[in-house]
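Take a look at the structure below.
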Amino acid sequence: MDQMLGVIASRLNSDFAPFLDDKQKGPIVDQTCSISPDCFAVASGGPYSRVDDVKTDKRFVKAKQLEWSEAEDSNVAKFYAQKYGCNTTEEIVAQWIENKEQHVSMQLEKAITAIFYKIIGSKFLVMRASTYDDYANRVDNVIVDRATGDVVCTFDEVHDAGKGDRRAEKEEK
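Residues 1355 to 1527 in the numbering used here are what the sequence shown spells out, letter by letter.
Right, here's the structure in full:
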């Protein structure tokens, strides 16, 4: 799946190039087809200056990963040390992220991105949301009109392992 997303990411970066102005940095998506906030971290000032916004977003993401990984909990740290050989908070968070990437819900998210790209990719750019938008806005995918560059849809797919425990929460949001 990751190899397929890498191919799609290369195509997206090429296809999205006409919508970027000369102040924006590429690539628009990383190798997992997730929007790269660094593309929008323009240092030139004016309405395009988002360097501070991107730095703030990255701090938010790191704080959430630290919180959700529970890397500062001594029992969690002990578990990660024994199971994965992680000895620092940073190593625990990195392992937590790696484990999350391999989880069935993340694999489903990646597969949905690839399927949507295959089905509607001739008319729309289909990509995964940035980590910030995933965490802060509960958005997993973004669909952009190829002709205009306008975002036409964002969505968050739900995988609850057949328990039904997340469906009601997601429907409410």
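Cβ atoms here follow ideal geometry from the backbone N, Cα and C, with glycine treated the same way.
Asked	Found
Kindly indicate which three-state DSSP category Arg1492 falls into: helix, strand or coil?	coil
Can you give me the Cβ contacts of Tyr1434 inside the same chain, cut-off strictly under 7 Å, excluding the 5 residues immediately before and after it?	Cys1440, Ile1446 and Gln1449
Jot down the residue ranges of each uninterrupted alpha helix (DSSP H) in the segment 1400-1461, minimum 4 residues, whole runs only, in chain order.	1405-1423, 1428-1438 and 1443-1456
Would you call the segment 1482-1495 in contact with the segment 1411-1425, where contact means no fewer than 3 C-beta pairs closer than 8 Å?	yes
Exposed or buried, which one is Ala1483 when buried takes at least 16 other CB atoms within 10 Å?	buried
What residue range does the beta strand (DSSP E) around Met1355 cover?	Neither: Met1355 is in no beta strand (DSSP E) and is coded neither H nor E.
Can the beta-carbon of Asn1495 be found closer than 8 Å to that of Thr1508?	yes
Which residue wins for smallest C-alpha separation from Leu1359, given the options Asp1510, Ser1388, Val1512 and Gln1419?	Ser1388
Look at the Cβ atom of Ile1473, then the Cβ atom of Glu1511, and state whether they are nearer than 8 Å.	no
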